[in-house]
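Novice:
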Amino acid sequence: MSQTHFGFQQVDENEKASKVRGVFDSVASKYDLMNDLMSAGLHRAWKAYTLQVANLKPGERALDIAGGTGDLSRAFARKVGETGVVVHTDINEAMLRQGRDRLLDEGLILPTSLADAEKLPFKSESFDLVSVAFGLRNMTHKDLALAEMCRVLKPGGRLLVLEFSRIAEPLRKPYDWYSFNILPRLGSLFAGDAESYKYLAESIRMHPDQATLKAMMKTAGFGHVDVHNLSAGIVALHAGIKC
53 MSQTHFGFQQ VDENEKASKV RGVFDSVASK YDLMNDLMSA GLHRAWKAYT LQVANLKPGE
113 RALDIAGGTG DLSRAFARKV GETGVVVHTD INEAMLRQGR DRLLDEGLIL PTSLADAEKL
173 PFKSESFDLV SVAFGLRNMT HKDLALAEMC RVLKPGGRLL VLEFSRIAEP LRKPYDWYSF
233 NILPRLGSLF AGDAESYKYL AESIRMHPDQ ATLKAMMKTA GFGHVDVHNL SAGIVALHAG
293 IKC
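Counting in my numbering, the sequence shown tops out at residue 295, every number present.
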């Protein structure tokens, strides 16, 4: 049986999804709070930048993969207006429920789907934009997921991948210290779960760096890919166009 990584651990491929599900089941109710604490609120700026790059127009169709608590889905919905469509998806039911409830509380009723990015339940060439924010890192077969994202995009459609990436070299040691010492403590104090945030730190190190992910997107069918390093490369926004 094939092996893959779950953080720094090697696990059977068919076990990874359930392990990742366990992480997000545990942290779903505290997800937004922890994002603010861990990033000192920077995640809001990263998502705002992603929204600018998305440049959605009224009437367009967008798919938010691993949409979680709905930050991007909500922002996209305001851009496409009543004539457009935003589909909010996640593979994790607890996260999807949190996002759906939050959107409803704000008066937004969006199509919501429990969906595996490696087997998207949508027709080919259905969307003008596909986004995945802080979700690709957790997928077992990233190449299959990227190919599926390309499949459901219209020709000329855009894929935006916002994800933790390789930080600039001078900052690497202090960033590692923060990741492996502070993040689990924050998780323990505010979410009652240190292990999930230890996994977060490990999974970031196992994720492809900027150049590798760009090459993977091109292999998946994106003819042009731009890389936007944010906060010295703590995160990167990869923007691909389906040619």
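Beta carbons are placed, not taken as given, at the ideal position from N, Cα and C, and that holds for glycine. Bear in mind the structure is a predicted one, so any value in this text is a computation, not a measurement.
So, at 8 angstroms on beta carbons, what are the nonlocal neighbours of Pro173 in its own chain, with the 5 sequence-adjacent residues on each side left out?
Specialist: Contacts found: Ser165, Ala167.
Novice: Mind checking Asn107: buried by the 16 CB within 10 Å criterion, or exposed?
Specialist: By the neighbour-count rule (16 or more Cβ atoms within 10 Å), Asn107 is not buried but exposed.
Novice: Using alpha carbons as the reference points, say which of Glu134, Thr121, Val132 lies closest to His140.
Specialist: Per the Cα distances, Thr121.
Novice: Could you tell me the boundaries of the alpha helix (DSSP H) in which Thr264 lies?
Specialist: Per DSSP, Thr264 belongs to the alpha helix (DSSP H) from 262-272.
Novice: Would you identify the three-state DSSP class for His259, choosing helix, strand or coil?
Specialist: Looking at His259 - three-state DSSP - the assignment turns out to be coil, as it is neither helix nor strand.
Novice: For a test of the three-state rule: what should DSSP assign to Ile293, helix, strand or coil?
Specialist: DSSP places Ile293 in strand when its eight states are reduced to three.
Novice: Quick check: what's the CA-CA separation for Leu205 versus Lys270?
Specialist: Near 14 angstroms, if we compare the C-alpha coordinates of Lys270 and Leu205.
Novice: Could you name the residues of the same chain whose beta carbon sits closer than 7 angstroms to that of Pro236, not counting the 5 residues immediately before and after it, in chain order?
Specialist: So the qualifying residues of the chain are Ala246, Tyr249, Lys250.
Novice: Kindly provide the ranges of any beta strand (DSSP E) runs that are 3 or more residues long and lie completely inside the segment 172-227, ordered along the chain.
Specialist: Segments of the beta strand (DSSP E) lying fully in the segment 172-227: 179-185, 205-216.
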